[in-house]
Amino acid sequence: MSHLALVPIYFDDRGPLVDPLVRRLEQTIGLPVRIQRPWFDPEECFDASRGQYRSTLLLERLLTAPPDGAARRLGITSVDLFIPILTFVFGEAQLDGTAAVVSTHRLSPEMYGLPPDSELLAARIEKEAIHEVGHTLGLVHCLDGACVMHASTYVEEIDLKEVTFCPLCRRVVSHAGSRATRGR
Numbered sequence: 575m576s577h578l579a580l581v582p583i584y585f586d587d588r589g590p591l592v593d594p595l596v597r598r599l600e601q602t603i604g605l606p607v608r609i610q611r612p613w614f615d616p617e618e619c620f621d622a623s624r625g626q627y628r629s630t631l632l633l634e635r636l637l638t639a640p641p642d643g644a645a646r647r648l649g650i651t652s653v654d655l656f657i658p659i660l661t662f663v664f665g666e667a668q669l670d671g672t673a674a675v676v677s678t679h680r681l682s683p684e685m686y687g688l689p690p691d692s693e694l695l696a697a698r699i700e701k702e703a704i705h706e707v708g709h710t711l712g713l714v715h716c717l718d719g720a721c722v723m724h725a726s727t728y729v730e731e732i733d734l735k736e737v738t739f740c741p742l743c744r745r746v747v748s749h750a751g752s753r754a755t756r757g758r
């Protein structure tokens, strides 16, 4: 049976963020989620000149997974991610593909000089994870400001979004989910 593989990269898979994230992903995406250990060395993706990790290289590594029936792979990490044209990214995904990666690094309130807030961090990571998996299902950025697929350049924009798809995006996800279970 196909599933979504959640791959913790420098991330505690037993921490308080993972169980709620797994439940939210299963509920929203409609695929069972299984934790899968990384099979690659994430240090290959580190850019010493920037002190960050290249999210595109992490995506490439996620695509090299041994066959295991996963329809999608979502890397979750606590390291700072970037693509060369941007200072940082919250995540990146392969559009209409099988891999995505998200980082909690810039989602944490402490990053902005605020006190720790585990509920806020959990809500942000759920939104970003669903957003990036949505891209793998073929969704592009949505104009509906409340939709989880709305683009977010700043963390405050993530806070304004819902953790769910708008009706239009939900229809696309439903269609993609039925396609994934039948096999492309």
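Throughout the sequence shown, residue numbering follows the numbering used here, covering 575 to 758 in sequence.
All C-beta atoms in this analysis are idealised placements derived from N, C-alpha and C, irrespective of residue type, glycine included.
Chain-order list of residues whose beta-carbon lies under 6 Å from that of C743 (same chain, five-residue window excluded): L713, C716, C721, M723
Nearest residue (CA-CA) to Y627, options L637, V607, L605, T651: T651
Tell me, please, whether the CB atom of G719 is closer than 9 Å to any CB atom in chain C? In summary, chain C is missing from the structure at hand, where a single protein chain is found.
Measuring only the C-alpha atoms, how far is L631 from L688? In a straight line, the C-alpha of L631 is about 31 Å away from that of L688.
On the criterion of 16 or more Cβ atoms from any shown chain inside 10 Å, does H709 qualify as buried, or is it exposed? buried
Which residues bound the alpha helix (DSSP H) around P594? Here the alpha helix (DSSP H) through P594 covers 592-603.
Given that a residue counts as buried once 16 or more other Cβ atoms are within 10 Å of its Cβ, and exposed if not, what is G665? buried
What residue does the beta strand (DSSP E) around A644 start on, and which one ends it? For A644, the uninterrupted beta strand (DSSP E) segment begins and ends at 644-651.
Count the CB pairs spanning the stretch 665-682 and the stretch 604-624 that are closer than 8 Å, and state whether there are at least three. no
Considering just the uninterrupted stretch of the alpha helix (DSSP H) at S677, what are its terminal residues? Element bounds for S677: not the alpha helix (DSSP H) but the beta strand (DSSP E), 673-677.
Out of A622, L578, A644, D670, state which residue places its alpha-carbon closest to the alpha-carbon of F656. A622
When burial is assigned at 16 or more other CB atoms within 10 Å of the CB, is H749 buried or exposed? exposed
When you compare only the Cα positions, how much space is there between I699 and T678? 6 Å
Could you tell me which residues DSSP puts in a beta bridge with R588? R588 is not bridged to any residue.
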